[in-house]
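Per this note's numbering, numbering of the sequence shown is gapless, rising by one per residue and ending at 668.
Report on the structure given below.
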Amino acid sequence: MALERDWESGQDQERCLAKLHWAVEQLGGNTDSDRLSKTAALVIQTMTGPWRFFHTPEHIFEVGESGDAIEVLAALFHDLVYVQVDQGVSVNISGYISAFVKEITGQLVIRDRAELPDDAMFAMVAQLFGFVPEEVLKPAAGQNEFLSALIAAKLLEHSLAAEQIAQVVACIEATIPFRCHSEGLSPSDRLHARLQQTNARMGFGWQEEHVCHSVRRSVRLANRDVENFAYPSAADFLDNTWNLLPETNHDLTNANSYTVSGYRTSLQKMEGFMYFLKPELVFQTFQSEPPVEAYQQLIERTQRNLEVARLYLGSKLLSIAVIEALSQRLGQDIPLATMMGELSSHGRAIAQLENFLPQISMTVPPKNDVEEDVLSLVEKGRGQASSYDINNSP
């Protein structure tokens, strides 16, 4: 298993290096092989941390697929920092941000003006994100994207011109998810305004159409980052949802020892998130990107997937509530495997609770296509296997 992981990591590193080299070459930058090799190694080492199940090398390659050179670079770096998932910032990348950010009582804070070095890349990234000295970085308000963009800028400053790096940073800023309008302005409108300010301060000499083109590109990349919300198949959407669960509840990685209550808590948090989320917060739009019909299709598919996910998670919560109530007769922190049976491994058949449940005839048929989809999901299972959970819901 370890040899297989090392082989996959090596393959990912080669793929990352090829994309870095292609993108920098397309932009007329410095393709120093030693520097780019070190950058590729840093990206892949960070993206293959023990808690990464969704935000992986494969994800960044998919987000950059079909994009231009700026989009490819932004995709490679946009999830480099994920404090909640990695339980901090990797030692390998912390050196690129420690001069600009410090930790105060468990929170990451931009240093005050007296502490900050005179650094053009930091100043540009901060302006594009609208962040200022002494600002507390918040996980749900751009913390990870800002730090990822800052590292990207520092790693690329010897390979590309500042105006090219600014466009990469703008794309990463656009991937801050699920943001509302503020003072009548959408997230892409606010990015447009900050790009104009950066253009003036840095003297890039961009015309207005170039600024708008940069925003449209950023929206295109950001929408690819969340495209799974609009998958035609709700089962495929839920596969991605199940990959997110162990990123925020690390106990789930111990397949046969996580507790009933821990599993229920994870489902409950995800259900709450699905009820909070609105399709219009998932996908962005700016001018003609994406076209009106394509955007409307994204919204409609997302709405349906959210409806399926809410009912599916609610059904699983109902069943786990029964299991949890029974587990309370045994103790407080009972492993789910104790109640349901261990997950099968290495092809071995293991007795599980579902093997002893009687067949029950359907007395209340599904009332609509959403209920039909959910019934199929709980009976037959999601599309992909999960290392910590069974696919169906007996």
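In this text, a Cβ means the ideal position worked out from N, Cα and C, and glycines have one as well.
On a predicted model such as this, the values are computed, not experimentally measured, just so you know.
Look up residue i in the DSSP assignment and give the residues it is bridged to.
i: Val375; result: Ile384
i: Phe560; result: Glu563
i: Pro609; result: Thr533
i: Ser456; result: Leu459
i: Val410; result: Val383
Pull up the CB-CB distance for residue i and residue j, whole angstroms please, since I reckon it's below 8 Å.
i: Tyr586; j: Leu651; result: 6 Å
i: Ala423; j: Val443; result: 5 Å
i: Tyr370; j: Ile446; result: With a Cβ gap of about 14 Å, Tyr370 and Ile446 do not count as contacting.
i: Glu419; j: Ile450; result: 5 Å
i: Thr576; j: Val556; result: 5 Å
i: Leu469; j: Ser488; result: 6 Å
i: Asn366; j: Thr320; result: 6 Å
i: Ala373; j: Met398; result: That belief does not hold up - the Cβ atoms of Ala373 and Met398 are roughly 15 Å apart, past 8 Å.
i: Asp386; j: Glu408; result: 5 Å
i: Lys293; j: Val337; result: Not really, about 11 Å apart at Cβ, beyond 8 Å.
i: Thr539; j: Gln358; result: The pair is not a contact, with the Cβ atoms about 15 Å apart (cut-off 8 Å).
Thinking C-alpha only, which one of the options is nearest residue i?
i: Lys552; options: Ala448, Cys454, Arg326 and Thr313; result: Cys454
i: Thr527; options: Leu580, Arg326 and Ala297; result: Arg326
i: Ser340; options: Gly404, Gln319, Arg498 and Asp386; result: Arg498
i: Ser531; options: Ser635, Pro609 and Phe420; result: Pro609
i: Arg656; options: Ser507, Gln470 and Glu545; result: Ser507
i: Gly362; options: Lys376, Glu567, Leu350 and Ala343; result: Lys376
i: Tyr356; options: Phe328, Ser372, Leu347 and Glu345; result: Phe328
i: Ser593; options: Leu316, Ser535 and Pro461; result: Ser535
i: His217; options: Ala583, Val485 and Thr305; result: Within the shown structure, residues of the chain are numbered from 275 to 668, placing residue 217 beyond reach of any answer.
i: Thr669; options: Leu411, Val399 and Asp392; result: Missing from the structure shown is residue 669; the chain here goes from 275 to 668 and no further.
i: Phe403; options: Asp393, Gly416 and Pro391; result: Gly416
i: Ala504; options: Arg538, Phe335, Leu580 and Val566; result: Leu580
i: Leu382; options: Ala388, Ser368 and Asp393; result: Ser368
i: Tyr537; options: Val485, Met613 and Gly458; result: Met613
i: Ala440; options: Ala474, Arg603 and Val337; result: Ala474
i: Ala467; options: Val485, Phe452, Gly458 and Glu457; result: Val485
i: Glu554; options: Lys543, Glu574 and Met636; result: Glu574
i: Phe452; options: Asp607, Gly458, Val500 and Ser307; result: Val500
i: Val582; options: Asn642, Ser307 and Pro565; result: Asn642
Return the chain-ordered list of same chain residues with a C-beta closer than 6 Å to the C-beta of residue i, the five sequence neighbours on each side being excluded.
i: Val333; result: It should be noted that the sequence gives His, not Val, for residue 333. Within the same chain, His333 has no close Cβ partners at all.
i: Arg494; result: Glu563
i: Glu431; result: Met395
i: Ala343; result: Ala297, Gln300 and Leu301
i: Leu421; result: Val355 and Ile371
i: Ala611; result: Asn530
i: Phe351; result: Ser422 and Ala426
i: Asp607; result: Thr533
i: Glu482; result: none
Residues in its own chain within less than 7 Å of residue i by CB, not counting five upstream and five downstream?
i: Leu434; result: Val298, Leu301 and Gly303
i: His524; result: Trp325
i: Ser283; result: Ile318 and Thr322
i: Leu541; result: Leu587, Lys590, Leu591 and Ile594
i: Gln570; result: none
i: Ala348; result: Val442, Cys445, Ile446 and Leu495
i: Leu291; result: Leu310, Ser311 and Ala314
i: Ser391; result: First, the residue type needs correcting, since residue 391 is Pro and not Ser in the sequence shown. Once the five neighbours on either side are set aside, the close Cβ partners of Pro391 are Ala373.
i: Asp360; result: Gly323 and Trp325
i: Phe335; result: Arg289
i: Gln287; result: Ala314, Ala315 and Ile318
i: Leu465; result: Ala444, Glu447, Ala448, Val489 and Ser492
i: Met275; result: Per-residue confidence for Met275 stands at a pLDDT of 47, beneath the threshold of 50, marking its modelled position as unreliable; the derived number appears in the next sentence. Nothing listed; no residue qualifies.
Might you give, ordered along the chain, the residues of its own chain that have their beta carbon closer than 8 Å to the beta carbon of residue i, omitting 5 neighbours on each side?
i: Gln285; result: none
i: Asn502; result: Asp510, Phe511 and Asn514
i: Gln471; result: Gln401
i: Glu437; result: Met476, Phe478 and Trp480
i: Ser562; result: Arg490
i: Thr559; result: Ser460, Ser462, Val493 and Tyr569
i: Arg267; result: Residue 267 falls outside the range modelled here, since the chain spans only 275 to 668, and no answer is possible.
i: Arg584; result: Glu545, Met548 and Tyr549
i: Arg578; result: Ala508 and Val644
i: Ile597; result: Val534, Leu610, Met613 and Met614
Nearer than 7 Å: is that true of the beta carbon of residue i relative to any heavy atom of the ligand MN?
i: Tyr549; result: This structure lacks the ligand MN, and indeed carries no ligand of any kind.
Worksheet item: What are the complete alpha helix (DSSP H) segments, minimum 4 residues, inside the region 298-339?
Response: Considered as a whole, the region 298-339 harbours 307-321 and 331-338 as its complete alpha helix (DSSP H) runs of no fewer than 4 residues, in chain order.
Item to complete: For the region 565-591, list the beta strand (DSSP E) runs that are entirely contained and at least 3 residues long, ordered along the chain.
Response: Whole beta strand (DSSP E) segments, 3+ residues: zero.
Worksheet item: Can you list, in chain order, the stretches of the alpha helix (DSSP H) that have 4 or more residues and sit fully within the region 427-495?
Response: Runs of the alpha helix (DSSP H) spanning 4 or more residues and lying entirely within the region 427-495 occur at 436-448 and 461-476, in chain order.
Fill in: alpha helix (DSSP H) segments (min. 4 residues) lying fully within the region 493-523
For the region 493-523, whole alpha helix (DSSP H) runs of length 4 or above, ordered along the chain, are 508-522.
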